[in-house]
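K.L.:
I am attaching a structure below and will ask some questions about it afterwards.
Numbering (UniProt numbering), first residue to last: 1 to 243.
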């Protein structure tokens, strides 16, 4: 059994800082064709160019589960349903729900945190700090193996440019409440990938799958354990841990 995990694909029909973001979808399909994973997980920020026709080409290849970030086409993402899994499960994950992927427990917390009165931007709903923590509390004690988040936690020696805000502090507290074996997120675009062992035992991995970086994770079962590797394009970069 193999799981691929991406974040911040940022599929857009434009150039951004000299990078052609329109190539993101073709790149993703080629990576999926190379690995042939059972599941593809996403930490959000698919980009606004996703559409039903192209996304169902992906869903014909693998089962997709995703949280949303802050750069999404929610009109498409919210309606997508898997075609390979029994019951046509939605692509978009529910806050606080634990998904059993062949004995690997996966959960997610959607969105980013806003302290302002404006609770959405470009159609993407934001959470208050209270709402974010409430989802984490609903997952406490559920032995989550993999937690998907979008917003980055406050870890300044991992992200030197991160600002200490209520949002970044709340994300770190939420991870501590859930205490998953592995937490994966994006949002910050910083050196492709970062890895940090948190004081309470959780391994945090930041991943950037945009065309500027093209990193992703592959989790593959080996006997009784599952190996976690960082990949870029078609080459493994480093083996990190076992679940």
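The beta-carbon is built from N, C-alpha and C at its ideal position, and this holds for glycine as well.
Just so it is clear, the structure is predicted and the values come from calculations on it, not from any experiment.
(1) Only counting the same chain, and skipping five residues up and downstream in sequence, which positions put a Cβ closer than 6 angstroms to that of residue 182?
(2) Would you kindly work out how many angstroms separate the C-alpha atoms of residue 2 and residue 84, rounded to a whole number?
(3) What distance in whole Å lies between the Cβ atoms of residue 205 and residue 193, which are believed to be in contact at a cut-off of 8 angstroms?
(4) Under a three-way DSSP split, which group does residue 72 fall into?
(5) Whose C-alpha, out of 178, 101, 50 and 41, is nearest the C-alpha of residue 221?
(6) Going by the DSSP bridge assignment, what does residue 16 pair with across the sheet?
(7) For residue 98, which of helix, strand or coil comes out of DSSP?
(8) In chain order, what residues of the same chain have a beta carbon less than 8 angstroms from the beta carbon of residue 15, not counting five sequence neighbours either side?
(9) Cα separation between residue 125 and residue 243?
(10) May I ask you to report which of helix, strand or coil DSSP gives residue 109?
(11) Out of 175, 66 and 237, which has the shortest C-alpha to C-alpha gap to residue 132?
(12) Tell me whether the stretch 46-56 and the stretch 101-114 touch, counting them as touching only if at least three CB pairs, one residue from each stretch, are closer than 8 angstroms.
(13) Which class does residue 133 belong to by DSSP, given the choice of helix, strand or coil?
(14) For residue 61, collect the residues of the same chain with a Cβ closer than 6 angstroms to its Cβ; drop the 5 residues on either side in sequence, then sort them by chain order.
(15) Assuming residue 24 and residue 11 form a contact by the criterion Cβ under 8 angstroms, report the distance between their Cβ atoms to the nearest whole angstrom.
(16) If I'm right that residue 107 touches residue 64 with Cβ under 8 angstroms, what's the distance once you round it to whole angstroms?
(17) Can you tell which of 68, 28 and 237 has its C-alpha closest to the C-alpha of residue 186?
(18) Around the C-beta of residue 72, are 16 or more other C-beta atoms found within 10 angstroms, so that it is buried, or is it exposed?
(19) Can you tell me where the alpha helix (DSSP H) with residue 28 in it begins and where it stops?
(20) Applying the 10 Å Cβ sphere with the 16-neighbour rule, what's the burial state of residue 75?
(21) Can you check whether the CB of residue 156 is closer than 8 angstroms to the CB of residue 172?
(22) Within the same chain, show all residues whose beta-carbon is closer than 7 angstroms to that of residue 159, passing over the 5 residues directly before and after it, in chain order.
P.N.:
Inspection of the coordinates gives the following:
(1) On the chain shown, residue 182 is found 182 positions in, with the first residue counted as 1. Hits under 6 angstroms: 146 and 203.
(2) As a first step, residue 2 is located in the chain shown; it is residue number 2 there, counting from the start. As a first step, residue 84 is located in the chain shown; it is residue number 84 there, counting from the start. Approximately 15 angstroms, taken between the alpha carbons.
(3) For this step, residue 193 is matched to residue 193 along the chain shown. For this step, residue 205 is matched to residue 205 along the chain shown. Their Cβ separation, rounded to whole angstroms, is 7 angstroms, which keeps residue 193 and residue 205 in contact under 8 angstroms.
(4) Residue mapping note: residue 72 aligns to position 72 of the chain shown, counting from 1. The answer is strand: DSSP assigns residue 72 an E or B state.
(5) Numbered from its first residue, the chain shown carries residue 221 at position 221. Ranking 178, 101, 50 and 41 by Cα distance to residue 221 puts 101 first.
(6) Start at 1 with the first residue of the chain shown, and residue 16 comes out as number 16. Partner(s): 19.
(7) To locate residue 98, count along the chain shown from 1; it is residue 98. Three-state DSSP puts residue 98 in coil, outside helix and strand.
(8) As a first step, residue 15 is located in the chain shown; it is residue number 15 there, counting from the start. Taken in chain order, the residues that qualify are 21.
(9) Along the chain shown, one-based indexing puts residue 125 at 125. Along the chain shown, one-based indexing puts residue 243 at 243. Their backbone Cα atoms lie some 32 angstroms apart in a straight line.
(10) Counted from its first residue, the chain shown places residue 109 at position 109. Residue state, collapsed to three classes: coil.
(11) Along the chain shown, one-based indexing puts residue 132 at 132. Looking at the Cα atoms, 175 is the closest of the given residues.
(12) In short, these stretches do not touch, since the Cβ pair count stays below three.
(13) By one-based count along the chain shown, residue 133 stands at place 133. Here residue 133 carries a helix assignment [DSSP, helix/strand/coil].
(14) The count along the chain shown starts at 1 and reaches residue 61 at position 61. The answer, listed in chain order, is 32.
(15) Taking the chain shown and counting its residues from 1, the one referred to as residue 24 is at position 24. Taking the chain shown and counting its residues from 1, the one referred to as residue 11 is at position 11. Contact holds; Cβ gap of about 4 angstroms.
(16) If you number the chain shown from 1, residue 107 lands on position 107. If you number the chain shown from 1, residue 64 lands on position 64. Cβ atoms of residue 107 and residue 64 stay farther apart than 8 angstroms, at about 16 angstroms.
(17) Residue 186 sits at position 186 when you count from the first residue of the chain shown. The shortest Cα separation from residue 186 among 68, 28 and 237 belongs to 68.
(18) In the chain shown, the residue the question calls residue 72 occupies position 72. Buried, since its Cβ has 16 or more Cβ neighbours within 10 Å.
(19) Indexing the chain shown from 1 puts residue 28 at position 28. Per DSSP, residue 28 belongs to the alpha helix (DSSP H) from 24-35.
(20) The residue given as residue 75 occupies position 75 in the chain shown. An exposed status is given to residue 75, since fewer than 16 other beta-carbon atoms sit within 10 Å of its beta-carbon.
(21) Along the chain shown, read from residue 1 onward, the residue named residue 172 stands at position 172. Along the chain shown, read from residue 1 onward, the residue named residue 156 stands at position 156. Their beta carbons are not under 8 angstroms apart, which means residue 172 does not touch residue 156 by this criterion.
(22) As a first step, residue 159 is located in the chain shown; it is residue number 159 there, counting from the start. Answer for residue 159: 152, 188 and 190, listed in chain order.
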